[in-house]
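From first to last, the protein sequence lines stand for chains L, E, Y, P, B and D.
Quick note on numbering: the UniProt record's numbering labels position 184 of the first sequence as 184, and the sequence is numbered without any gaps.
Quick note on numbering: the UniProt record's numbering labels position 110 of the second sequence as 110, and the sequence is numbered without any gaps.
Quick note on numbering: the UniProt record's numbering labels position 19 of the third sequence as 19, and the sequence is numbered without any gaps.
Quick note on numbering: the UniProt record's numbering labels position 16 of the fourth sequence as 16, and the sequence is numbered without any gaps.
Quick note on numbering: the UniProt record's numbering labels position 185 of the fifth sequence as 185, and the sequence is numbered without any gaps.
Quick note on numbering: the UniProt record's numbering labels position 159 of the sixth sequence as 159, and the sequence is numbered without any gaps.
We put the beta carbon where it would ideally sit given N, CA and C, even for glycine.
Working notes, beginning with the structure itself.
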Amino acid sequence: MNIYIQFAYLIASVLFIIGIKKMNKTSEARTGNQLSAVGMLIAILATVVQVEVLSLIDIFICIIIGSAIGLYVAYKVEMTQMPEMVALFNGFGGLASVAVSISDYWLKSQENNFDIDIITGVSIVLSIFIGGITFTGSMIAWGKLSGKVNGNAIIFGGQHPLNLLLFVASIVASVLAVMYQADPIYLLILTALSLLLGVLTVIPIGGADMPVVISLLNSYSGMAACTTGFVLNNNVLIVAGALVGASGIILTNIMCKAMNRSLVSVLLGGFGTTSSSAAVEGGSEIVVKEVGVEEAAMLFDSASSVIVVPGYGMAVAQAQHVIRELSELCEKRNIDFRFAIHPVAGRMPGHMNVLLAEANVPYDKLVEMDDINDEFSNTDVVFIVGANDVVNPAARTNPQSPIFGMPILNADKARTVIVSKRSMGKGYAGVENELFGYPNCLMLFGDAKQTITKLVGEMKEM
Amino acid sequence: MNIYIQFAYLIASVLFIIGIKKMNKTSEARTGNQLSAVGMLIAILATVVQVEVLSLIDIFICIIIGSAIGLYVAYKVEMTQMPEMVALFNGFGGLASVAVSISDYWLKSQENNFDIDIITGVSIVLSIFIGGITFTGSMIAWGKLSGKVNGNAIIFGGQHPLNLLLFVASIVASVLAVMYQADPIYLLILTALSLLLGVLTVIPIGGADMPVVISLLNSYSGMAACTTGFVLNNNVLIVAGALVGASGIILTNIMCKAMNRSLVSVLLGGFGTTSSSAAVEGGSEIVVKEVGVEEAAMLFDSASSVIVVPGYGMAVAQAQHVIRELSELCEKRNIDFRFAIHPVAGRMPGHMNVLLAEANVPYDKLVEMDDINDEFSNTDVVFIVGANDVVNPAARTNPQSPIFGMPILNADKARTVIVSKRSMGKGYAGVENELFGYPNCLMLFGDAKQTITKLVGEMKEM
Amino acid sequence: MNLEALILLLYVLVLGSYLGFELIAKVPPTLHTPLMSGSNAISGITIVGAILASNELGYTHVSKWLGMLAIILATINVVGGYAVTDRMLKMFKKK
Amino acid sequence: MNLEALILLLYVLVLGSYLGFELIAKVPPTLHTPLMSGSNAISGITIVGAILASNELGYTHVSKWLGMLAIILATINVVGGYAVTDRMLKMFKKK
Amino acid sequence: MKIGVLKETKLLETRVALTPDTVKQLLKKGFEVAIETEAGLQSSFSDQDYVAAGASIGSKTEISQSDVVLKVNSFTEEEVGQLKEGIVTISFLYAYTIPAVVDALKAKKIAAFSMDAVPRISRAQKMDALSSQANLAGYKTVILGANALGKIFPLMMTAAGTITPTKVLIFGAGVAGLQAIATAKRLGAVVEVTDVRPETKEQVESLGGRFLMVEGVEGVKIEGGYAKEVSAEFLQKQKELVESKIKDADLVITTALVIGKKAPVLVSEDMVKSMKKGSVIVDMATESGGNCSISEKDKTVVKHGVTIIGDSNLPALLPINASQLYGTNIITLLMHLADKDGFKWDMEEEITKGSLITHNGELVHEFTKSILNK
Amino acid sequence: MKIGVLKETKLLETRVALTPDTVKQLLKKGFEVAIETEAGLQSSFSDQDYVAAGASIGSKTEISQSDVVLKVNSFTEEEVGQLKEGIVTISFLYAYTIPAVVDALKAKKIAAFSMDAVPRISRAQKMDALSSQANLAGYKTVILGANALGKIFPLMMTAAGTITPTKVLIFGAGVAGLQAIATAKRLGAVVEVTDVRPETKEQVESLGGRFLMVEGVEGVKIEGGYAKEVSAEFLQKQKELVESKIKDADLVITTALVIGKKAPVLVSEDMVKSMKKGSVIVDMATESGGNCSISEKDKTVVKHGVTIIGDSNLPALLPINASQLYGTNIITLLMHLADKDGFKWDMEEEITKGSLITHNGELVHEFTKSILNK
Ligand SMILES: NC(=O)c1ccc[n+]([C@@H]2O[C@H](COP(=O)([O-])OP(=O)(O)OC[C@H]3O[C@@H](n4cnc5c(N)ncnc54)[C@H](OP(=O)(O)O)[C@@H]3O)[C@@H](O)[C@H]2O)c1
Ligand SMILES: NC(=O)c1ccc[n+]([C@@H]2O[C@H](COP(=O)([O-])OP(=O)(O)OC[C@H]3O[C@@H](n4cnc5c(N)ncnc54)[C@H](OP(=O)(O)O)[C@@H]3O)[C@@H](O)[C@H]2O)c1
Ligand SMILES: NC(=O)c1ccc[n+]([C@@H]2O[C@H](COP(=O)([O-])OP(=O)(O)OC[C@H]3O[C@@H](n4cnc5c(N)ncnc54)[C@H](O)[C@@H]3O)[C@@H](O)[C@H]2O)c1
Ligand SMILES: NC(=O)c1ccc[n+]([C@@H]2O[C@H](COP(=O)([O-])OP(=O)(O)OC[C@H]3O[C@@H](n4cnc5c(N)ncnc54)[C@H](O)[C@@H]3O)[C@@H](O)[C@H]2O)c1
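See below:
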């Protein structure tokens, strides 16, 4: 092998490393991604120069087809569909590994009747097995997220024993494939088994947990690339594959923690049987959308105006100090930040005033209900912190409600409403608040002080 | 080469990596060092099993001699002499690399008349060159620190041109040595040159800057080991050497920053003819050590008791809220956290009380001077926030000082003192504070609110 | 593949994996999806293998077709992956 | 040494160095000296080279003596280095 | 429709039913407003201020002829005598305490609305004068106490020694009690609070106070936010707990009124004796008998070395704000009940039903009836 | 050595020179202590408390025979007459204002130390009674003002409308002024501050106050922390600035004393007239003539609709803390000057030199001499 090509591969590897490293920081992530893309280009060029001239044309056609599809999909897709796109691309990567490995096997064993050494043999079956799972697993994930497959967890009895059986069968097939190389049947059986396993491990997982699954499958596809590297004795595949494999596992772990899941249960498949986002504690019938601290942080960061509606929950959580911090952070980013004070928020007249003054929020940031009520409709984000009755639209709309007729803050009119409270618990008046189920409303569950502390931490990172 | 041996080397490499990783954290550092030692043992055993039985006895004798000397010195030495010990050991490591490379060269070229390929040749000269510099450089550093050589910077005219000349000569000798392998004279000249260069680059550096130099030489010795690995085509040497080489450079860089030096000037040798860290803004003559936010955060994190000494600067910066945050963070980590309130801190009686009450710091965290003054000596970290006069030891020691006789907080008695202030500016009484130059004192320059906000962010990351 | 080469490849594998672990020490959750997507693009490195595999002459060979299929798939992964990641990251640009 | 081996060794070198950089991201100043000392002990890995070098039979060979000298020096570095580091770190034990 | 505002006649009263600001709001709605001469003087509103706002100034007799007459305090028999027959009045009445006046109102066929009887429901919060005045009173208890106390509230570490923070013990965490907690905390005191309603614990803590929890007993029945019945066992345990705390208190504030009843005695003479010399008690309930057994209405007395403040009309000590809030409460109720052309008399409507005491010569208010006819 | 504490005789004085706590500290050092009957009563310390601490109780005549006699306020001629010849006294004296007493002290060969003359150097901060008392006075100005004002301090958004925060305007940011800022801010007021010394800006802001910056003029000379000379141009500009602000102020607090001189007039009658009805002024400087031209010493008067409070002895309104701090100040000075066996009379030492007024029948204090001999 030519030393220059090897050197190019080394450079590509380093670029991948630097690229991933830089993707740890928001400010550098884009450069990182671009560096990594340059690395990929170098690797591809270094590979293309060593192929025979006659093949070049085929290769270029394939690359052009692939690029066209890739670019089309990448630019066509809605921003909200990003996770499913990643799943789709990932699946293709896995399938590519399968194809390369079978191709290599076929060439050596079937067409040229070479004897494949054991290391290469093991590498081939591993690559096929992992790649196969990645492919179908990713496809199911994609289908679930895009609504093409039932998004709910599909559970049936004996799932786990069946998976175990298939796994054992795969091992047997692998061993046979390595031992009796001449017969391609084992390899094909293995391929089929891995594809089936991919389906079965992802199907019982609910839609809400898909991001973790995709991250894991992403790690698998790295491992598949890595084993392909062993098949082809190629360093750049090994380094890049190892990087993705390892970083994917870590990332999965981090995401699990963020979602309060254990990695083990993900690895076994079929965790999180029911989608857990409907908060049942308060016995509420309202269907709400939950939001994570990170997304909330992004919403704040991309807003140009924010109004905070504090309520009794802020007082209970003693969250006033951390909210002041949030306000300072937003103001530093030129986000217009005000507080809408409802006259009866809290449990005594002026309750919010006392607490916000204690936290050193300047008086001129506090706006009375009547002065701010018309401005909600021009506001990007309304952040309701432990308030409930004072933003309950039933006061305007439902004559049966005990709070009907009470003037309220028109928080529901804002573009996005984020609500920080612990549960679906009711307020002082003891009535349901259907605002929480509105399409523009996102629930940020948890003690206000704790969640907002996290939120602030998150925003500082950005 | 035997696969098992190679495998053992791989395990040793991984142990080195984990060992260094763990040495980043106070709580795990010792385990880390032990893991790394186990790695070394594995590497040595794996090497010993492949030598010829007849050589074993020689090898064991040498190892026993070396171990005896090493252990004797290690356990005999005073704790305060640690840095010079490191220098000494480091020098031996460098010399060992030189010896191994010459030995290899001699065996191949002189005794067996092999033709040494160019890669190996280059590796040999590099190993000798770097190892040689490491050896004499370390010896001089050791001599300076232990008082055996004049600790001052020894400067003479034409130092830099001379070094350059020697460097160029070394390159010429290296090229000749590789080209005319048969003649050992070039290699010997190179050895001599490198030894001389090691002396010359370290001799002009003052004693106070030695730790940085030692760290750099430590990195060099890693590189020497790494090149020796190329000579012997041995992975474990390459990995371990590369680790030490790279981490040494980073560590040198960190130490430079902590001492307000630039790495470039260190690499060129003869930097810091005069110690440059004196902060001139305040016109102060006191030489201080700066600390970065990250390092300060680590100091907090590894402390088990912290006392904050607030002063007028906290009031000016309005840092009370963020300090309360810091206190909460520390308490969450079981760090004992209290405030020492000097009776005249600030500009009016009770100034600190007002502000800390505003920030909701519970009253029982505030301790009066007389009650806390004896406890400083048992405290890991004292954090002085914008206080100056009230911790000025001159009040105890200097009868000429206008503040002499004023009772002060004995902050200087703590293990580590971190001071947050903007500059070397003086306090109300307008006097210098020599506490800032004490060996256990680190300056965290910047507006208190801003730096502590960063500090808190940093700690949340950990 | 001989053992010596295997050992070296294993070194590369181990060091690469360790680096992978180290690199993702602290990703802010906002970057989870872009990072996943970006590293997914990297896993499209299989394209190198695919190109080599399709470096077969005859169109009659299964390997050739498999290789070409692999190129298309891997290219989608690579190109789509980088492009999508870039789009996402563009949003982070400070206003 | 052939080029192929060199390339693999270079991979090892590059990955090892990068890892070295990553690992020392944020050492607290209190650990500067122990870390320096501990990694200094690791650099005594030359002992492996030294042992191999002294694996010469005849005492007449310069190489043998050089190798043995190297063993002694490297052992001092290794043993002394680890021991001293351990002594330092013992002091950090949480009370 | 013409709205008249009478000058208050009660001793120590400084408030006025409408401020120039609230006058303007009524005028905007088409009402006419007349104010008795010097009615606003003690709240710092001069007759010119009212004229500038658009009101006319008149004598007591003139004002008494308006269609609607507003006051802060309840009418005296004499005042009712001067009123035109069949008109509407709005004021605090506490009708169940003044049968003679109720009779007079009936006789004159006056429709009398009582501010203290407005139901405390969500949509009536803007008319809730009990809350608005109690809130100010809560603030004022602390200021009175701080002024009478020979020490400062906050912890202060000074060159001449450390001043320990004042300990404030507050009885009752209703509207007034909560505001007292907030104010005392702001000034730097250490605040302890006792109440019979367990849900106040969270509210007290939300303001930084420490709640004295009576452990291990139940026995409090809550009805409509008020403590209706408290078991004897609970009260006994509470007493023991408080006795152990009151010894260290520098300032004691009692806010426990139970509407329609004599105020419960929470601080006995023995407890006062156990307190430190120089301590202060502010008793908010002297109007209805006092929470402290030896407090005296509208007087500040020193007994057993303890200063006991008994001002019964605390909002009147903050007339500017008290009148402003009361004015808003009263016009909100008025505009809820009537427009410029007359009253709606929607007798089934909750607020009308809750606050109308006499109408067409009848006593129509259930609660008042239940007490007066007993 | 026997230390005697006389009961204060000045009108409205409530403080006492030693508290039981400080008595204990003196006893520990070997001094003997005697207290005049009922000396501590108004500070809530009974004779029993002193006896429990180890002091003896005596009549005025007995106490006057002690080796050292302590007081808060300066001695009267009559009191000096009763003292034994040649003893030591420590108290506030403001000697330059009472030539007759100084003569009496000289005649009796009394060594009189004055607390107000202790040099304000770092190591003497523990003896600095001016600061300790001014600090309490600063707090008290706000409490007095808050109590007299018909509104509450904080911003409050309630169902019955929003109460705007009280605007407090403070003249002088010395020790008292700064504490006033802190206290008013705590209570929720918006605080504006004016001072002639530019360095107080940072200090004011460190407490959350807004500093009224006189732009574009210099002319303030600072000496030893005090403003020694202020240019007329500066004062004019300052006045204009303040006039524009005082109209909106609800509470004005003046703290500008210039030691040894008549207090500067900062609030003229015209300025009072421009203020809102119902506002309050607290003038801390009525003892030395007042910062407000129409304030009256020790009286609360209402003029032009503005309540003007003129209490001249504010620390006496906080006797518990004031005596505690003063006691610490005085025993620190005493223990600095003497031990149980007698005084050191180190006449070159800065604190002795600074605070000793008369000695051996001579007036030895330079500053006092310079004023009295003029
Ligand atoms: N201001 C007054 O003078 C006064 C006096 C008496 C009554 N009220 C009444 O009180 C109500 C005030 O309305 P509001 O919106 O302020 O409060 P609210 O309606 O009582 O709602 C408070 C909400 O805060 C949430 N919460 C409690 N603790 C929390 C924590 N630690 N972190 C996050 N959320 C927490 C609760 O939901 P989760 O349990 O799900 O967390 C609850 O739904 C009105 O109905 C008013 O009429 C007012
Ligand atoms: N308490 C009283 O009653 C009273 C009254 C009058 C005088 N004093 C005197 O005031 C002094 C009080 O001592 P102290 O230690 O509290 O204060 P200090 O000695 O005056 O020192 C304050 C320090 O804070 C630093 N600083 C200022 N702004 C800062 C910011 N934004 N961020 C960080 N640091 C900042 C300054 O250094 P940089 O400029 O370098 O940042 C300064 O050295 C004593 O000398 C006392 O005698 C006290
Ligand atoms: N519409 C509304 O939403 C609204 C408006 C105002 C008040 N409220 C509610 O009305 C209730 C009463 O408020 P209030 O200020 O008129 O109360 P209040 O003046 O009737 O009583 C004051 C407090 O004293 C307490 N108390 C009674 N006996 C006691 C005892 N023996 N020991 C200690 N404490 C005792 C009571 O529990 C109450 O908390 C509260 O729950 C308040 O939240 C509701
Ligand atoms: N030893 C020490 O460290 C120590 C102790 C206490 C006080 N001090 C210093 O002594 C100084 C005086 O303190 P004080 O409380 O005794 O002051 P003070 O009572 O003498 O004066 C009060 C304030 O009024 C201001 N003032 C004077 N004329 C004014 C005018 N025309 N308009 C507005 N303001 C005017 C003064 O500048 C001063 O700030 C301060 O600088 C204080 O920090 C130092």
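{"query": "Write down the C-beta distance between Phe317 (chain B) and Lys140 (chain B) rounded to the nearest angstrom, noting that I regard them as a contact closer than 8 angstroms.", "result": "According to the sequence shown, residue 317 (chain B) is Leu rather than Phe. Contact flag correct, Cβ pair sits at about 5 angstroms."}
{"query": "My guess is that Thr46 (chain P) and Thr228 (chain E) are in contact by the Cβ rule of under 8 angstroms, so how many angstroms apart are they, rounded?", "result": "6 angstroms"}
{"query": "Examine chain D for any beta-carbon lying closer than 8 angstroms to the beta-carbon of Arg347 (chain E), and answer yes or no.", "result": "yes"}
{"query": "When you check each C-beta in the stretch 396 to 415 of chain L against every C-beta of chain B, which residues fall closer than 7 angstroms?", "result": "Pro402, Ile403, Phe404, Gly405 and Met406"}
{"query": "Quick check: what's the CA-CA separation for Gln320 (chain L) versus Pro310 (chain L)?", "result": "9 angstroms"}
{"query": "Given a limit of 7 angstroms on CB to CB distance, which residues of the stretch 428 to 440 of chain E reach chain D?", "result": "Ala429"}
{"query": "Can you name, in chain order, every residue of its own chain whose Cβ lies under 7 angstroms from the Cβ of Gln50 (chain E), other than the five neighbours on each side?", "result": "Asn2 and Ile5"}
{"query": "For Trp345 (chain D), count neighbouring C-beta atoms within 10 Å of its own C-beta (all shown protein chains included) and say buried if the count is 16 or more, exposed if not.", "result": "exposed"}
{"query": "Count the CB pairs spanning the stretch 36 to 43 of chain P and the stretch 68 to 83 of chain P that are closer than 8 angstroms, and state whether there are at least three.", "result": "yes"}
{"query": "Quick one, are the C-beta atoms of Leu212 (chain B) and Glu192 (chain B) less than 8 angstroms apart?", "result": "yes"}
{"query": "In this structure, does DSSP put Pro20 (chain B) in helix, strand or coil?", "result": "helix"}
{"query": "Whole angstroms are fine: how far does the CA of Val306 (chain L) sit from the CA of Leu299 (chain L)?", "result": "10 angstroms"}
{"query": "Establish whether the CB of Gln238 (chain B) and some CB of chain L are separated by less than 8 angstroms.", "result": "no"}
{"query": "Where does the unbroken alpha helix (DSSP H) through Lys167 (chain D) begin, and where does it stop?", "result": "Element bounds for Lys167 (chain D): not the alpha helix (DSSP H) but the beta strand (DSSP E), Lys167 to Phe171."}
{"query": "May I ask whether a heavy atom of ligand 1 can be found less than 7 angstroms away from the beta carbon of Asp447 (chain L)?", "result": "yes"}
{"query": "Under 7 angstroms: does the beta carbon of Ala395 (chain E) sit that close to some heavy atom of ligand 2?", "result": "no"}
{"query": "Taking only runs that begin and end inside the stretch 89 to 150 of chain D, name each unbroken alpha helix (DSSP H) of 4 or more residues, in chain order.", "result": "99 to 107 and 129 to 148"}
{"query": "Output the distance between the C-alpha atoms of Gly446 (chain L) and Ser423 (chain L), rounded to the nearest integer angstrom.", "result": "7 angstroms"}
{"query": "So, with DSSP's three-state summary, where would you put Glu243 (chain D)?", "result": "helix"}
{"query": "Pull up the distance between the alpha-carbon of Ile110 (chain B) and that of Leu337 (chain B), whole angstroms please.", "result": "15 angstroms"}
{"query": "What residues from chain B crowd round Tyr363 (chain E), counting only those whose CB sits closer than 8 angstroms?", "result": "Leu155, Pro165 and Val190"}
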